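Basically this note's numbering = 1-based index in the sequence shown + 5.
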Amino acid sequence: MIQRSQVHIELHETLSAQVNQAQVNQAQVNQAQVNQAQVNQAQVNQAQVNQAQVNQAQVNQIESGASIFVDGGLMTVIETEIA
């Protein structure tokens, strides 16, 4: 015959295991969110690097005598000869 105290202990152990699993699951979700944030930051960083490279290319074109016209967000580069 199963005693009441034994049932109580087994129920407590089951609930404790479920709580522990829930905590593990939450930790995994938290880590996934951190990982996604790191990916997002890396993408932002890469976009900033890409923009810096575009900016440098524009500076290089200006220094080499090119004329740059910006019209409605579109950039047209017209090479000009330096006499």
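Ideal Cβ positions, reconstructed from N, Cα and C, are used throughout, including at glycine.
Just so we're clear, the structure is a prediction, and the values are computed from it rather than from any experiment.
- Rounded to the nearest angstrom, the gap between the Cα atoms of residue 61 and residue 46 is 22 Å.
- Each residue's CA atom was taken as its position, placing residue 50 and residue 14 some 53 Å apart.
- In the structure shown, the three-state DSSP call for residue 43 is helix.
- Distance from the CA atom of residue 59 to the CA atom of residue 38, rounded to whole angstroms, is 31 Å.
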